[in-house]
Amino acid sequence: MNKSNILIVGVGGQGTLLASVLLGNLALAKGFDVKLSEVHGMAQRGGSVVTHVKISEDTVNSPLIEEGDADVIIAFEELEAYRWLPYLKKGGTMYVNTQQILPMPVILGQDKYPEHIMQTLREKAGTIKAFNALEIAEECGSVKAVNVVLLGAASKDLPFDEAAWIKVIEENVKPKFVELNKKAFEMGRNA
914 MNKSNILIVG VGGQGTLLAS VLLGNLALAK GFDVKLSEVH GMAQRGGSVV THVKISEDTV
974 NSPLIEEGDA DVIIAFEELE AYRWLPYLKK GGTMYVNTQQ ILPMPVILGQ DKYPEHIMQT
1034 LREKAGTIKA FNALEIAEEC GSVKAVNVVL LGAASKDLPF DEAAWIKVIE ENVKPKFVEL
1094 NKKAFEMGRN A
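So the sequence shown is residues 914 to 1104, counted in the numbering used here.
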């Protein structure tokens, strides 16, 4: 890997920021230059959260990924995958948790949740790897492990070996949650 631009997108409370920290720390440990940029849109109220992660063997000058420049998008929720689709480069890969989290305008009856999101993603994106990460996280013991399930799935397309991923989980997750997250990573990797 010479360079990789990865967007991690979801809503507040899904663990997108921890996922970006794990990925960023792993890349740093392997000698890459890494830049992260987080955008929180009313994150505490279930709003959109996006983290730009740029990894390169050379110097990364800007932390932001422009439209059409993301090699990988890791989407924690269907609507967020749809919202950030324009950022995926031609031939890029998108990992999508098939969970749907209703935004406030939909809950209040002011808007409707878009239909046929997965169909649109399949028509317009390069490679879509969609699965129910929430269900897998629940099997592991916590819905909060969705983030690590998705990282596990994406890990097969990133140039870091499994042992390095496990090490970064052990170093960055609270000790009482390490085993749960290691299990979530493994199950995501096999999803």
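Even for Gly, the Cβ is constructed at its ideal location relative to N, Cα and C.
Bear in mind the structure is a predicted one, so any value in this text is a computation, not a measurement.
- For residue 1082, the enclosing alpha helix (DSSP H) stretches over residues 1075-1085.
- Under DSSP, residue 940 shares a beta bridge with no residue.
- The beta carbon of residue 950 sits closer than 8 angstroms to the beta carbons of 964, 965, 976 and 977 from its chain, once the five residues preceding and following it are set aside; these are given in chain order.
- By the neighbour-count criterion, in which a residue is buried when 16 or more other Cβ atoms sit within 10 angstroms of its Cβ, residue 972 is exposed.
- Between the region 1007-1015 and the region 978-992, the count of Cβ pairs shorter than 8 angstroms is three or higher; the stretches touch.
- Here the alpha carbons of residue 1021 and residue 938 stand approximately 39 angstroms from one another.
- Between the region 1040-1047 and the region 1072-1080 there are fewer than three inter-stretch CB-CB distances shorter than 8 angstroms, so the stretches are not counted as touching.
- Here residue 1055 carries a coil assignment [DSSP, helix/strand/coil].
- By the criterion of a C-beta distance shorter than 6 angstroms, residue 921 is surrounded in its chain by 929, 932, 933, 964 and 987, once the five residues flanking it on both sides are discounted.
- Nearest to residue 1052 by C-alpha distance, out of 999, 1096 and 1088, is 1096.
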